[in-house]
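S.K.: Mind looking over this structure? Questions follow.
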Amino acid sequence: MTDYPALPLETPAEHPFAQFVRILGKGKRGARDLTREEAREAMGMVLDEAVEETQLGAFLMLLRHKEESAEEMAGFTEALRERLQAPALNVDLDWPTYAGKKRHLPWYLLVAKCLAQNGVRIFMHGGGAHTAGRLYSEQLLGQLKIPLCRNWQQVGAALDNGGLAFMPLVDWAPQLQRMIDLRNTLGLRSPIHSLARILNPLGARCGLQSIFHPGYQAVHRDASGLLGDTAIVIKGDGGEIEINPDADSHLYGTTGGESWDEEWPQLSAQRHVKPSSLDIEHLKAVWRGDVIDSYPQMALISTMALALRGLGQSREQAFETAEQYWAARDKSI
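The numbering of the sequence shown is the numbering used here, which starts it at 26 and goes up by one.
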């Protein structure tokens, strides 16, 4: 005799998260963006692990397909901040580093070191190595003597001792790191790669952001503006916060809820030849002053000026200060 499964005779209750999947996926005419409040509630459920795996995958890919709005990004960030148990630390710059470099060395790491030597307190964070062929900040921390911190107490100590701290996303927002790691399962990056750049978990005076894909820079600027943050968003080299001296740079800024824009012309008269390989020893040699190389020199000074611009200096003043900082750096490494 065959045992058949029991037939359901009562309509099952809908999962509370299903409404958010429906909002995003209800066809061309029925779908819409989440409101800021809906986004905050939805991300809160995700962070509280009150969502089924199938719902999470659908939610992330529907967001990716339609492209997230500034209101959604602000709501997601609010949900994370509400749950983040971080101490009150004095930070000047929030420096997310999630993209990795593939064409040029990560000169921005030397920028952070130089700024920290001059009293600028910088909190860096990243999501680990997730794409083959790229060089990530986490892979260089030890060689460049940038403190790797695994809890907030270590971050505070590193900031007090040297002005620079790096803390992996997995240690302060493991649910977000897990969603980033779904890239190899889903086949596409999710909006969490973008969200991580906006979070500014310690409420730094200025959040620096690099968004590579055109059109997203203004969305990020607007999201930070909605949150009341001061931020500058650029299309940095390789997706990292680093000015490309071979191209014009557009700064998307927000201060006190007001948006502003600034154009920085390219610094190099002609495009530099891409290095054949990314040699870490070359990075260290430039820091020590053993070699002179025009591309990193321009990238370093202009990226440092970008950071100082975010802290309130004018463009001209920022470049002048950057030159002074770089010339007077402690070259030991």
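Idealized CB from N, CA, C, for every residue including glycine. Because the structure is a prediction, the values reported are computed rather than measured.
What does the alpha-carbon distance come out to for the pair Leu110 and Val76?
M.R.: One-based indexing of the sequence shown puts residue 110 at position 85. One-based indexing of the sequence shown puts residue 76 at position 51. First, the amino acid is wrong: residue 110 is Gln here, not Leu. Roughly 22 Å separates the two Cα atoms.
S.K.: Spatial neighbours of His297 within its chain, please: C-beta separation below 8 Å, excluding the five flanking residues on both sides.
M.R.: Along the sequence shown, read from residue 1 onward, the residue named residue 297 stands at position 272. Result list for His297: Pro270, Asp271, Ser319 and Tyr320, in chain order.
S.K.: If His155 and Arg203 are in contact, beta carbons under 8 Å, what's the gap, nearest whole angstrom?
M.R.: As a first step, residue 155 is located in the sequence shown; it is residue number 130 there, counting from the start. As a first step, residue 203 is located in the sequence shown; it is residue number 178 there, counting from the start. No, His155 and Arg203 are not in contact; Cβ-Cβ is about 12 Å, not under 8 Å.
S.K.: Run the CB neighbour count on Tyr29, radius 10 Å, all protein chains shown included, and call it buried at 16 or more, exposed below.
M.R.: Here residue 29 refers to the residue found at position 4 of the sequence shown. Classification for Tyr29: exposed.
S.K.: Please identify the residue among Glu74, Ile147 and Lys299 whose C-alpha is closest to the C-alpha of Lys126.
M.R.: Looking up residue 126 in the sequence shown gives position 101. If we check each option's Cα against that of Lys126, Lys299 comes out closest.
S.K.: Give the DSSP-derived three-state secondary structure of Val372 in the structure shown.
M.R.: This structure cannot speak to residue 372, because the chain is shown only from 26 to 358.
S.K.: In three-state DSSP terms, what is His275?
M.R.: One-based indexing of the sequence shown puts residue 275 at position 250. Three-state DSSP puts His275 in a strand.
S.K.: Can you name the start and end residues of the alpha helix (DSSP H) that Ser319 belongs to?
M.R.: To locate residue 319, count along the sequence shown from 1; it is residue 294. Where Ser319 is concerned, the enclosing alpha helix (DSSP H) stretches over Ser319 to Gly335.
S.K.: Would you report the Cα separation of Arg106 and Arg313, rounded to the nearest angstrom?
M.R.: The residue labelled residue 106 in the question sits at position 81 within the sequence shown. The residue labelled residue 313 in the question sits at position 288 within the sequence shown. The straight-line gap from Cα to Cα measures roughly 39 Å.
S.K.: Pull up the distance between the alpha-carbon of Asp206 and that of Gly212, whole angstroms please.
M.R.: Locating residue 206 in the sequence shown gives position 181, where the first residue counts as 1. Locating residue 212 in the sequence shown gives position 187, where the first residue counts as 1. Between Asp206 and Gly212, the C-alpha separation is close to 11 Å.
S.K.: With a threshold of 6 Å on Cβ separation, who are the neighbours of Ser94 within its own chain once the five nearest residues in sequence on each side are excluded?
M.R.: Reading the sequence shown from its first residue, position 69 is the one you call residue 94. Counting only Cβ-Cβ distances below 6 Å, and skipping sequence neighbours, we find Asp58.
S.K.: Could you please give me the residues that DSSP links to Ser219 through a beta bridge?
M.R.: Numbered from 1 along the sequence shown, position 194 holds the residue referred to as residue 219. Its beta-bridge partners do not exist; DSSP assigns none.
S.K.: What does DSSP give as the partner residue(s) for Ala56 in the beta ladder?
M.R.: Along the sequence shown, read from residue 1 onward, the residue named residue 56 stands at position 31. In DSSP, Ala56 forms no bridge with anything.
S.K.: Helix, strand or coil for Cys231 per DSSP?
M.R.: Against the sequence shown, residue 231 aligns to sequence position 206. Strand, per DSSP.
S.K.: Would you kindly work out how many angstroms separate the C-alpha atoms of Leu85 and Val244, rounded to a whole number?
M.R.: Taking the sequence shown and counting its residues from 1, the one referred to as residue 85 is at position 60. Taking the sequence shown and counting its residues from 1, the one referred to as residue 244 is at position 219. If you take the alpha carbons of Leu85 and Val244, they lie about 18 Å apart.
S.K.: Measure the alpha-carbon distance for Ala347 versus Arg61 and round it to whole angstroms.
M.R.: The residue you call residue 347 lines up with position 322 of the sequence shown. The residue you call residue 61 lines up with position 36 of the sequence shown. So the alpha carbons of these two residues sit roughly 38 Å apart.
S.K.: So, helix, strand or coil for Lys127, using DSSP?
M.R.: Residue mapping note: residue 127 aligns to position 102 of the sequence shown, counting from 1. Three-state DSSP puts Lys127 in coil, outside helix and strand.
S.K.: Could you pull the DSSP bridge partners for Asp28 from this structure?
M.R.: For the purposes of this step, residue 28 is taken as the residue at position 3 of the sequence shown. Answer is none; Asp28 lacks a bridge partner.
S.K.: Which complete alpha helix (DSSP H) runs does the region 133 to 192 hold, if anything under 4 residues is left out?
M.R.: Listed in chain order, the complete alpha helix (DSSP H) runs (minimum 4 residues) inside the region 133 to 192 are 133 to 142, 166 to 169 and 177 to 187.
S.K.: Closest to Leu184 by C-alpha separation, out of Leu201, Asp273, Ile217 and Ile147, would be which residue?
M.R.: The residue labelled residue 184 in the question sits at position 159 within the sequence shown. Checked all of Leu201, Asp273, Ile217 and Ile147; the closest Cα to Leu184 is Ile147.
S.K.: If you reduce the DSSP assignment to three classes, tell me which class Asp247 lands in.
M.R.: Within the sequence shown, residue 247 is the residue found at index 222, counting from 1. Asp247: helix per DSSP, three-state reduction.
S.K.: If the criterion is Cβ atoms closer than 9 Å, does the pair Leu251 and Ala67 meet it?
M.R.: Reading the sequence shown from its first residue, position 226 is the one you call residue 251. Reading the sequence shown from its first residue, position 42 is the one you call residue 67. The answer is no: Cβ separation not under 9 Å.
S.K.: According to DSSP, is Leu114 helix, strand or coil?
M.R.: As a position in the sequence shown, residue 114 is number 89, starting the count at 1. It is coil, neither helix nor strand.
S.K.: Return the chain-ordered list of same chain residues with a C-beta closer than 7 Å to the C-beta of Met323, the five sequence neighbours on each side being excluded.
M.R.: One-based indexing of the sequence shown puts residue 323 at position 298. Taken in chain order, the residues that qualify are Pro270, Leu292 and Ser293.
S.K.: Which residue marks the beginning of the alpha helix (DSSP H) containing Glu97, and which one marks its end?
M.R.: Start at 1 with the first residue of the sequence shown, and residue 97 comes out as number 72. Where Glu97 is concerned, the enclosing alpha helix (DSSP H) stretches over Ala95 to Arg108.
S.K.: Does the distance from the CB of Phe101 to the CB of Pro199 come in under 9 Å?
M.R.: Position 76 of the sequence shown holds residue 101. Position 174 of the sequence shown holds residue 199. No, the pair does not count as a contact, with Cβ atoms beyond the cut-off.
S.K.: Excluding five sequence neighbours on each side, which residues of the same chain lie with their C-beta closer than 7 Å to the C-beta of Leu333?
M.R.: The sequence position of residue 333 within the sequence shown is 308, counting from 1. Closer than 7 Å at Cβ, skipping near neighbours: Ala343, Thr346 and Ala347.
S.K.: Considering just the uninterrupted stretch of the beta strand (DSSP E) at Glu283, what are its terminal residues?
M.R.: Here residue 283 refers to the residue found at position 258 of the sequence shown. Glu283 to Trp289 is the span of the beta strand (DSSP E), which, as asked, contains Glu283.
S.K.: Reducing DSSP to helix, strand and coil, say where Thr79 ends up.
M.R.: The sequence position of residue 79 within the sequence shown is 54, counting from 1. Of the three classes helix, strand and coil, the one that applies to Thr79 here is helix, per DSSP.
S.K.: Hey, out of Ile317, Ala310, Ile259 and Gly282, whose CA is closest to Glu289's CA?
M.R.: Counted from its first residue, the sequence shown places residue 289 at position 264. Correcting the residue type first, residue 289 is Trp in the shown sequence and not Glu. Out of Ile317, Ala310, Ile259 and Gly282, Ile259 has the C-alpha closest to the C-alpha of Trp289.
S.K.: Just tell me which of Leu81, Lys91 and Ile171 has its CA closest to the CA of Leu49.
M.R.: Position 24 of the sequence shown, counted from the first residue, corresponds to residue 49. Answer by Cα proximity: Lys91.
S.K.: In whole angstroms, what is the alpha-carbon distance linking Thr279 and Ile223?
M.R.: On the sequence shown, residue 279 is found 254 positions in, with the first residue counted as 1. On the sequence shown, residue 223 is found 198 positions in, with the first residue counted as 1. Approximately 12 Å between the Cα atoms of the pair.
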